[in-house]
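Per this note's numbering, the very first residue in the sequence shown carries number 80; after that it's consecutive.
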Amino acid sequence: MHPFERFLQNFIPLLEKKFTDVNKASWILETTGSQDAADLRSHLDAELKILLSDVKIYRDLMAWDQDPSLKDPLLKRQLNVLLRSFKQNQASPSLLEEISKKEATLAQSYAAFRADFNGKKVSENEIRDVLKKEKDASLRKMAWESSKQIGEILAPQILALVKCRNQLAISLGYSDFFQMQLDLQEVDRNWLLQLFDAFSKDSEKAFDSVLREIEEALSSRYGVSKKDLGPWSYSEPFGQEDPLDNEDLDHLVQGVDIVKASYLFYQQMGMDVQSILDHSDMLEREGKCQHAFCIHVDKRGDIRTLNNVKSSVKWLETVLHELGHAVYELYFDDSLPWLLREPPHMITTEAMALLAGRQAYRKNSLEKLVGNSKQKWIDIAEKSLRRRQLIFSRWVFVMTSFESELYSNPDQDLNALWWRLVEKYQKIKAPSNRQGKWDWATKYHIGLAPVYYFSYLLGEMFASMLQEAVSGKGKHFEFANPKTGQFLKRKLFSLGNSMSWSSLIEHAVGSPLNYHAWLSEFS
Ligand SMILES: [Zn+2]
Numbered sequence: 080m081h082p083f084e085r086f087l088q089n090f091i092p093l094l095e096k097k098f099t100d101v102n103k104a105s106w107i108l109e110t111t112g113s114q115d116a117a118d119l120r121s122h123l124d125a126e127l128k129i130l131l132s133d134v135k136i137y138r139d140l141m142a143w144d145q146d147p148s149l150k151d152p153l154l155k156r157q158l159n160v161l162l163r164s165f166k167q168n169q170a171s172p173s174l175l176e177e178i179s180k181k182e183a184t185l186a187q188s189y190a191a192f193r194a195d196f197n198g199k200k201v202s203e204n205e206i207r208d209v210l211k212k213e214k215d216a217s218l219r220k221m222a223w224e225s226s227k228q229i230g231e232i233l234a235p236q237i238l239a240l241v242k243c244r245n246q247l248a249i250s251l252g253y254s255d256f257f258q259m260q261l262d263l264q265e266v267d268r269n270w271l272l273q274l275f276d277a278f279s280k281d282s283e284k285a286f287d288s289v290l291r292e293i294e295e296a297l298s299s300r301y302g303v304s305k306k307d308l309g310p311w312s313y314s315e316p317f318g319q320e321d322p323l324d325n326e327d328l329d330h331l332v333q334g335v336d337i338v339k340a341s342y343l344f345y346q347q348m349g350m351d352v353q354s355i356l357d358h359s360d361m362l363e364r365e366g367k368c369q370h371a372f373c374i375h376v377d378k379r380g381d382i383r384t385l386n387n388v389k390s391s392v393k394w395l396e397t398v399l400h401e402l403g404h405a406v407y408e409l410y411f412d413d414s415l416p417w418l419l420r421e422p423p424h425m426i427t428t429e430a431m432a433l434l435a436g437r438q439a440y441r442k443n444s445l446e447k448l449v450g451n452s453k454q455k456w457i458d459i460a461e462k463s464l465r466r467r468q469l470i471f472s473r474w475v476f477v478m479t480s481f482e483s484e485l486y487s488n489p490d491q492d493l494n495a496l497w498w499r500l501v502e503k504y505q506k507i508k509a510p511s512n513r514q515g516k517w518d519w520a521t522k523y524h525i526g527l528a529p530v531y532y533f534s535y536l537l538g539e540m541f542a543s544m545l546q547e548a549v550s551g552k553g554k555h556f557e558f559a560n561p562k563t564g565q566f567l568k569r570k571l572f573s574l575g576n577s578m579s580w581s582s583l584i585e586h587a588v589g590s591p592l593n594y595h596a597w598l599s600e601f602s
């Protein structure tokens with residue numbers, strides 16, 4: 080037996096125990112908001128990091144990586160996964176601690192802030208509510224400006240954090256933190272930036288036509304000329320979502336049991352999600368996390384989703400999305416080693432979740448999900464899906480370019496950079512009074528979920544490739560059928576993390592990740 084195999088026999092049970100405990104604490108925290116659970120999770124999380132930072136083990140792993148006698152592909156893949164997990168924990172412990180302290184303080188500042196709006200202190204949700212519903216353009220503008228007040232407080236904290244993260248990356252041999260994060264996720268920086276550049280050019284015409292439609296609708300909704308539409312005309316602070324038709328579409332789910340409809344939908348693909356729903360937490364409650372996620376607690380079948388289901392298309396999409404992550408985890412091949420019972424990257428599991436979520440806007444799927452008596456809304460939903468895709472892709476281009484530039488030169492005029500990118504990709508004109516402000520710092524992910532956004536768009540691209548692989552180019556394909564289910568299980572889910580995400584994509588659909596299927600679907 081190779082010494083690496085013997086090492087795995089001892090090490091994996093320790094890792095599995097710690098990993099499962101962290102997840103259990105997370106679940107209690109997210110479903111109750113309990114302070115004890117928060118303390119427990121951060122304690123267990125620190126222990127997990129210690130387990131993955133042992134210098135002697137890291138040296139052994141690196142030596143085994145050079146050993147030509149280690150040939151078995153599953154062993155080599157496990158070694159690769161462990162090397163990347165250990166590498167990021169090799170920096171100086173005091174620097175790692177400083178980073179997590181700064182992140183905790185930033186998260187607190189973010190949560191505690193209340194903006195001034197119209198003489199009142201308001202929460203972020205209250206501002207978002209105004210942007211969703213208010214028809215008066217000057218009130219909208221005021222609300223949008225309020226949403227940017229937090230930037231002044233967050234920006235210096237984020238900049239200090241960016242510099243620590245860069246210091247960490249440089250100490251591990253990378254040029255900056257952006258580079259490091261991508262490398263540890265098996266993503267090449269130049270490939271990514273060039274891909275998005277070409278993608279933005281090839282989808283620009285389609286985006287322009289959608290933008291014209293949106294600007295016309297918004298200018299008549301608010302009674303202002305097109306040139307007076309600003310970033311405050313969108314239904315949220317960043318112009319990342321389709322501002323049209325949102326409430327109208329909720330007619331689709333009137334009288335529909337969203338959870339039951341989703342269950343039946345997966346049933347038609349030969350995927351039984353009952354055990355997942357039995358472990359899930361589906362309805363709103365005091366103290367509970369207000370978002371949605373899927374968690375595979377032990378990587379041995381204890382899969383749960385958290386939702387806050389309301390009667391809206393958004394929640395139909397979300398339940399389908401989270402169950403998409405869940406079935407991916409449910410159908411890992413039983414013979415996979417524990418360490419490889421996970422997707423190789425967020426891209427592939429997001430692709431499944433996004434593909435499932437899209438069905439909440441697709442004619443053939445909607446007829447199954449909500450019945451066929453709502454034809455008028457079903458047609459509107461298909462159009463809105465195309466707008467949503469085009470708008471969101473532009474937002475990801477902004478975020479990705481901005482983060483790349485932020486980490487390569489944090490001392491530049493970041494607000495000017497931010498608006499240059501917003502104007503270039505989203506074509507939303509910068510208001511005249513934004514010089515010297517900190518608008519870039521108001522997006523949560525910049526400070527607290529760094530170098531993450533790009534995966535969503537890569538996931539959308541792969542989702543379209545999967546859609547094309549199961550349906551051919553036929554637009555009116557019935558997605559929910561046993562053949563789709565078999566394809567996904569056999570070609571995608573069952574393989575777990577037995578290969579890199581890019582090899583897995585080629586294995587599943589026969590070509591490397593690209594945006595052609597996405598373009599033919601949405602442009
Ligand atoms: Zn997701």
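Backbone N, C-alpha and C fix where the C-beta goes; we use that ideal spot for every residue, glycine too.
Alpha-carbon to alpha-carbon, residue j and residue i
i: T111; j: T397; result: 21 Å
i: S480; j: L272; result: 8 Å
i: S599; j: A587; result: 19 Å
i: Q246; j: L238; result: 12 Å
i: S534; j: P316; result: 22 Å
i: L87; j: L162; result: 13 Å
i: G589; j: V406; result: 22 Å
i: G349; j: N560; result: 8 Å
i: R268; j: M259; result: 9 Å
i: D124; j: P510; result: 43 Å
i: Y189; j: V241; result: 16 Å
i: V449; j: I232; result: 45 Å
i: V392; j: R85; result: 51 Å
i: E265; j: P423; result: 9 Å
i: Q491; j: G515; result: 12 Å
i: Q114; j: K181; result: 20 Å
i: M478; j: K200; result: 29 Å
i: I172; j: M431; result: A quick correction: the sequence has Pro, not Ile, at residue 172. Taking the straight line from one Cα to the other gives about 37 Å.
i: K367; j: M141; result: 43 Å
i: R467; j: F83; result: 48 Å
i: V335; j: P591; result: 39 Å
i: A222; j: Q145; result: 58 Å
i: G606; j: F476; result: Missing from the structure shown is residue 606; the chain here goes from 80 to 602 and no further.
i: K135; j: R379; result: 29 Å
Classification of residue i by the beta-carbon crowding that lies within 10 angstroms, buried from 16 upward
i: A183; result: exposed
i: H122; result: exposed
i: K166; result: buried
i: E326; result: exposed
i: G252; result: exposed
i: K339; result: exposed
i: A248; result: buried
Own chain, CB closer than 6 Å to residue i, minus 5 neighbours either side, in chain order
i: R383; result: H358, S359 and I374
i: F566; result: V549
i: F372; result: L385
i: M544; result: V588 and A596
Collapsed DSSP secondary structure at residue i in the structure displayed
i: D360; result: strand
i: D377; result: coil
i: I507; result: coil
i: F558; result: coil
i: R383; result: strand
i: D490; result: coil
i: F572; result: helix
i: V303; result: coil
i: V530; result: coil
i: A194; result: strand
i: F317; result: coil
i: F411; result: coil
i: V201; result: strand
Inter-residue CB distance, residue i and residue j (contact presumed, cutoff 8 Å)
i: Y440; j: L464; result: 4 Å
i: T427; j: W580; result: 6 Å
i: V332; j: L395; result: 5 Å
i: D195; j: S225; result: 6 Å
i: L154; j: H81; result: 7 Å
i: A234; j: A528; result: Actually they are not in contact, since the Cβ atoms of A234 and A528 sit about 17 Å apart, beyond 8 Å.
i: E557; j: N443; result: 5 Å
Nonlocal neighbours in the same chain, by C-beta distance under 8 Å from residue i, ignoring five residues either side
i: Y342; result: V352, Q353 and L356
i: L130; result: L93, L94 and K97
i: L149; result: H81, F83, W143, K155 and L158
i: E160; result: Correcting the residue type first, residue 160 is Val in the shown sequence and not Glu. Same-chain partners within the cutoff: L418, L419 and N576.
Residues of its chain near residue i, where Cβ-Cβ distance is below 7 Å and the 5 sequence neighbours each way are ignored
i: K128; result: N168
i: R120; result: V101, A104, S105 and L108
Residue i at chain D interface by Cβ criterion, 8 Å
i: N593; result: Considering every chain present, this structure includes no chain D. It has just one protein chain.
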